[in-house]
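Undergrad: The structure that follows is given in the form of structure tokens.
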Amino acid sequence: MALLLRRGAAFAARSFRAAAASSASATVHRLPAAGSLAGAGEFAPARLFLLESRRGFAKGKKSKDDRSDTVQAAPDIGPTVKSAATSQMDAAVIALSRELSKLRTGRATPGMLDHIMVETADVKVALNRIAVVSVLDSHTLSVMPYDPSSMKSIEHAIISSPLGINPTPDGNRIIANIPPLTKENIQALCKVVTKSAEDFKQSIRRARQKALDTIKKSASSMPKDDVKRLEKEIEEVTKKFIKTADDMCKAKEKEISGS
65 MALLLRRGAA FAARSFRAAA ASSASATVHR LPAAGSLAGA GEFAPARLFL
115 LESRRGFAKG KKSKDDRSDT VQAAPDIGPT VKSAATSQMD AAVIALSREL
165 SKLRTGRATP GMLDHIMVET ADVKVALNRI AVVSVLDSHT LSVMPYDPSS
215 MKSIEHAIIS SPLGINPTPD GNRIIANIPP LTKENIQALC KVVTKSAEDF
265 KQSIRRARQK ALDTIKKSAS SMPKDDVKRL EKEIEEVTKK FIKTADDMCK
315 AKEKEISGS
């Protein structure tokens with residue numbers, strides 16, 4: 065009888081422990097409410113950290129519309145435009161100088177024969193590439209060919225040029241006497257100078273217009289003050305080169321008239 069009682073007590077104890085364990089596993093632990101007194105205890109810092117993190121994320125997040133409103137600074141085209149315009153205008157002045165050097169005056173200059181083309185072996189070559197031209201005096205030039213066999217061709221080319229020079233052979237060189245200009249020659253040459261000046265000034269003005277067109281195309285992305293400043297700089301560069309061309313032509317006319 066006693067044995068049965070002990071077994072019954074042991075079974076009851078085991079059943080009680082199993083029931084207690086099952087109840088503990090089914091218990092749900094809930095965080096205290098944010099506004100409760102318990103929330104001020106152990107779990108309050110954790111909840112505060114999560115809330116602040118969410119707020120920070122919301123503030124830092126940007127929409128696509130915000131990114132699309134970003135305006136990038138336009139590149140400065142000023143140096144490029146000015147450099148291109150200056151280069152084109154300078155080329156026009158150099159070409160004008162070359163053209164004016166071809167015009168004969170009553171004074172001998174080495175460059176006055178540079179534009180003469182000499183035909184050798186069915187090939188036309190500039191005279192200054194196959195001979196050395198030097199000044200003997202104010203009215204006489206010496207032409208020394210690199211190849212003596214080309215003397216005849218050089219002599220013929222000088223005679224055929226519109227300079228009105230009659231060269232004479234002198235050993236291995238050619239002597240070219242520069243005759244004085246007549247009044248009619250002077251007037252005709254001055255007209256040529258005027259026309260050359262206008263032609264090359266037009267080239268300078270075309271370079272100016274091209275620069276202004278480039279500025280106009282980029283004006284929408286530039287501050288108005290920068291546009292006006294750049295346009296003013298282009299105008300100043302243009303005036304400088306126009307004055308250079310005018311001064312060159314006046315000097316040439318004076319050289320022709322005073323000869």
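With positions in the sequence shown counted from 1, the corresponding number in the working numbering is that position plus 64. All C-beta atoms in this analysis are idealised placements derived from N, C-alpha and C, irrespective of residue type, glycine included.
Please classify glutamate 106: does DSSP put it in a helix, a strand, or coil?
TA: Confidence at glutamate 106 is low in this model, with a pLDDT of 47, below 50, so the placement of that residue should be treated as unreliable; the coordinate-derived value is given next. Correct three-state label for glutamate 106: coil.
Undergrad: Assuming isoleucine 238 and glutamate 262 make a contact with CB atoms under 8 Å, what is their CB distance in whole Å?
TA: The Cβ separation is near 36 Å, so there is no contact.
Undergrad: Can you look up asparagine 241 in the DSSP assignment and give me helix, strand or coil?
TA: In the structure shown, asparagine 241 adopts extended strand secondary structure according to DSSP, grouped into three states.
Undergrad: Taking a contact to mean a Cβ-Cβ separation below 8 Å, would you say valine 197 touches leucine 227 in this structure?
TA: no
Undergrad: If I measure Cβ to Cβ from proline 233 and keep anything under 7 Å in the same chain, skipping five residues before and after, which residues do I get?
TA: Met215, Glu219
Undergrad: Output the distance between the C-alpha atoms of leucine 253 and lysine 318, rounded to the nearest integer angstrom.
TA: 11 Å
Undergrad: Can you grab the Cα-Cα spacing for the pair alanine 159 / serine 321, in whole Å?
TA: 22 Å
Undergrad: Going along the chain, which residues of its own chain have a beta-carbon closer than 7 Å to the beta-carbon of arginine 272, five neighbours each way excluded?
TA: Ala149, Ile298, Thr302
Undergrad: Please tell me whether alanine 172 and leucine 205 are closer than 8 Å, where the distance is taken between their beta carbons.
TA: yes
Undergrad: Got a sec? Which residues, its chain only, sit under 8 Å from lysine 146 by beta carbon, not counting five neighbours each side?
TA: Ala275, Leu294, Glu297, Ile298, Val301
Undergrad: Would you mind giving the Cβ-Cβ distance between alanine 195 and methionine 208, rounded to the nearest angstrom? I have them listed as a contact below 8 Å.
TA: Rounded to the nearest angstrom, the Cβ distance from alanine 195 to methionine 208 is 6 Å, consistent with a contact under 8 Å.
Undergrad: Taking its Cβ as the centre, do 16 or more other Cβ atoms sit within 10 Å of threonine 169, making it buried, or is it exposed?
TA: buried
Undergrad: Below 6 Å CB to CB, which residues in the same chain sit around serine 372 once its five sequence neighbours on both sides are set aside?
TA: Outside the modelled stretch of the chain, which goes from 65 to 323, sits residue 372, for which no answer is possible.
Undergrad: Looking at the structure shown, is alanine 185 part of a helix, part of a strand, or coil, going by DSSP?
TA: coil
Undergrad: So serine 260 and glutamate 183 are supposed to be a Cβ contact under 8 Å. How far apart are they, rounded?
TA: Rounded, the Cβ-Cβ distance is 26 Å, inconsistent with contact.
Undergrad: Have a look at lysine 316 and alanine 309 and give me their C-alpha separation to the nearest angstrom.
TA: 11 Å
Undergrad: From the DSSP secondary-structure annotation, give me the bridge partner or partners of proline 209.
TA: Ala195
Undergrad: Over the uninterrupted alpha helix (DSSP H) stretch that includes proline 143, give me the two end residues.
TA: That run of the alpha helix (DSSP H) goes 142–165.
Undergrad: Rounded to the nearest angstrom, how far is the Cβ of valine 257 from that of leucine 167, given a contact under 8 Å?
TA: 7 Å
Undergrad: Would you grab the beta carbon distance between isoleucine 223 and proline 231 for me? Rounded to a whole angstrom, and I think it's under 8 Å.
TA: 7 Å between Cβ atoms; contact.
Undergrad: Examine the ligand ATP and report whether any of its heavy atoms sits within less than 7 Å of the Cβ of isoleucine 158.
TA: Absence of the ligand ATP is noted for the structure shown, with no ligands found whatsoever.
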